[in-house]
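Visitor:
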Amino acid sequence: MKGTYVTGVRDGVTGYDPASGAVRWTVPLPGDLCGASPTATRDGQIAVSYGARPGLKVPSQFAVIDAAAGKVAWQTTLKGPASLGLGLTVAISETTAAVGWMRSSTANGGGSHGFDRATGTVIWDRSAPGGDGEEHRSAGEGLVTHSAGPERWVGVTPLPTEQRVGVRDAVTGEATWRYTTRGLGAWIVSSDPLLVAVDTGLQDFASDPDSLRSIAADGSVQAQWTLRTTKGNSDRYIHGCGQHSACACASAVTANGVLYLATDNPVGTKGEMHALDLRTGKRLWAFTPKTDHRSVGVVPLAADAKGVTVMTRPNGLHGTKVYRVSAKDGSARLLFERVNSAFRSLPEEDMYGSYTEDPVIYADGRLFFHRNDFLTRSTRP
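As numbered in my numbering, residues -9 to 371 make up the sequence shown, in order.
1. Tell me the DSSP bridge mates of Lys61?
2. Of all the options Ser201, Gly156 and Asp208, which has the alpha carbon lying nearest to the alpha carbon of Arg218?
3. Which residues mark the beginning and the end of the beta strand (DSSP E) in which His229 is found?
4. If we call anything under 8 Å between Cβ atoms a contact, is Glu131 one with Glu164?
5. For Glu131, which of helix, strand or coil comes out of DSSP?
6. Taking the beta strand (DSSP E) that Tyr301 belongs to, which residues open and close that run?
7. Looking only at its chain, what residues have a beta carbon closer than 8 Å to the beta carbon of Ala245, apart from the 5 residues adjacent to it on each side?
8. I'd like to know whether the C-beta atoms of Thr31 and Arg107 end up nearer to each other than 8 Å.
9. Excluding the 5 residues preceding and the 5 following Val112 in the sequence, name in chain order all residues of the same chain whose CB lies nearer than 7 Å to its CB.
10. Who are the near neighbours of Ser181 in its chain, counting only those whose CB is closer than 7 Å to its CB and skipping five residues on each side?
11. On the CB-based measure, 16 or more other CB atoms within 10 Å of its CB, does Glu327 come out buried or exposed?
12. Does the Cβ of Val350 have 16 or more other Cβ atoms within 10 Å, making it buried, or fewer, making it exposed?
13. So, under 8 Å CB-CB, Ala87 and Ala37 are touching, yes? Tell me the CB distance rounded to an integer number of Å.
14. Count the other C-beta atoms from every protein chain shown that fall within 10 angstroms of the C-beta of Val312, then say buried if there are 16 or more, exposed otherwise.
15. What does DSSP give as the partner residues of Lys405 in its beta bridges?
16. Checking 8 Å against the spacing of the C-beta atoms, do Lys69 and Asp115 come in under that value?
Here it is in structure tokens:
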């Protein structure tokens, strides 16, 4: 099995043999790891942000690590304001590595830093004009950026503000915004095609998106879906959009013009996965796992032009199943199954909660689970 499974530990980054779990290398860090890019470049580089000393220190350091060699490619100290750690996003593309964060309080504003991926040369060291913090996500050759306008309040009630999604030039750092809306928050669900989740300000759903929008090349909304419903104060779709660790959505995947989302499944019901047309918004088909159990949820993991890989939510009573579902008609083939007959909690059940913000990776017939503990600023495999 080729490749290396890379994950963070409290004060370092470790690469594992994906077949055996043996440690291949460890890059120690002088302080706590605060954030890491969820993707790597084609040649295996990742980006990390961390503190200069042990303990709860601001993540003032930034580095790019060569995962193939297990060593630091370059490292730098962030100039100017630094994040307190919550809401920190780190991203890397073929051209750019960046770190950004939103305002966390009246005293702690947002910020953004971008670097040339190959050399570490500073491209920008602040948020684009009109924004109070930024978040970044890899888009292959470049990055997609979310910028939020200054917060506005009436008493203790936040008011919708301008939310912008676009790109920052890999040479000049100049921002070009592709989509602008108003809301209490926004999440980059997918960078290509561009999908944006928005918290429009519904009173019952603070800090959680209620609308998912497919953005056309000209910046117009070509399709949108309701994520939450006021009926029963519940979710319609499970999106996995984070509130603390990163403003991305771990439970929505896209490929070949199709969005795959799982429905919520209250106790006693089976969840479904819907294939949705990104251009029209119409549902193409629905998939429900074959099982005798009444309460089973599903999670789309990864998709390509031919289909989508789906996992049933881990459960100590009925285990975990992984399916390959055809993009054409929703027909499914069982890839593998983990059965627990001892009525004990499966390890993956502990790693994957009902609304986890950390994506599960499926590669070479294996599931890779990761849990980020944002409260202690530590990341464990």
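All residues carry an ideal CB built from backbone N, CA and C; glycine is no exception.
Guide: If we stick to the structure as given:
1. By 1-based counting over the sequence shown, the position of residue 61 is 71. Beta-bridge pairing links Lys61 to Asp56.
2. Sequence index remark: in the sequence shown, residue 218 carries index 228 (1-based). Checked all of Ser201, Gly156 and Asp208; the closest Cα to Arg218 is Ser201.
3. Sequence index remark: in the sequence shown, residue 229 carries index 239 (1-based). Per DSSP, His229 belongs to no beta strand (DSSP E) and is neither H nor E.
4. Reading the sequence shown from its first residue, position 141 is the one you call residue 131. Reading the sequence shown from its first residue, position 174 is the one you call residue 164. No. Outside cutoff.
5. In the sequence shown, counting from the first residue as 1, residue 131 sits at position 141. Coil.
6. Your numbering for residue 301 matches position 311 in the sequence shown. A quick correction: the sequence has Met, not Tyr, at residue 301. Gly297 to Thr302 is the span of the beta strand (DSSP E), which, as asked, contains Met301.
7. Taking the first residue of the sequence shown as position 1, residue 245 is located at position 255. Result list for Ala245: Ala293, Asp294, Ala295, Val298 and Ala317, in chain order.
8. Taking the sequence shown and counting its residues from 1, the one referred to as residue 31 is at position 41. Taking the sequence shown and counting its residues from 1, the one referred to as residue 107 is at position 117. Contact: yes.
9. In the sequence shown, the residue the question calls residue 112 occupies position 122. Answer for Val112: Phe105, listed in chain order.
10. Translated into positions along the sequence shown, residue 181 becomes position 191. Non-local beta-carbon contacts of Ser181 in its own chain, meaning distances under 7 Å to residues more than five positions away in sequence, involve Arg127, Ser128, Ala129 and Val134 in chain order.
11. As a working note, residue 327 is residue 337 in the sequence shown. By the neighbour-count rule (16 or more Cβ atoms within 10 Å), Glu327 is not buried but exposed.
12. Translated into positions along the sequence shown, residue 350 becomes position 360. Val350 should be labelled buried.
13. Within the sequence shown, the letter at position 97 stands for residue 87. Within the sequence shown, the letter at position 47 stands for residue 37. About 4 Å separates the beta carbon of Ala87 from that of Ala37, a gap short enough to meet the 8 Å contact definition.
14. In the sequence shown, the residue the question calls residue 312 occupies position 322. By the Cβ neighbour-count rule, Val312 is buried, with 16 or more other Cβ atoms within 10 Å of its own.
15. For residue 405 there is no data in the structure shown, the boundaries of the chain being -9 and 371.
16. As a working note, residue 69 is residue 79 in the sequence shown. As a working note, residue 115 is residue 125 in the sequence shown. Cβ distance < 8 Å, so Lys69 and Asp115 count as in contact.
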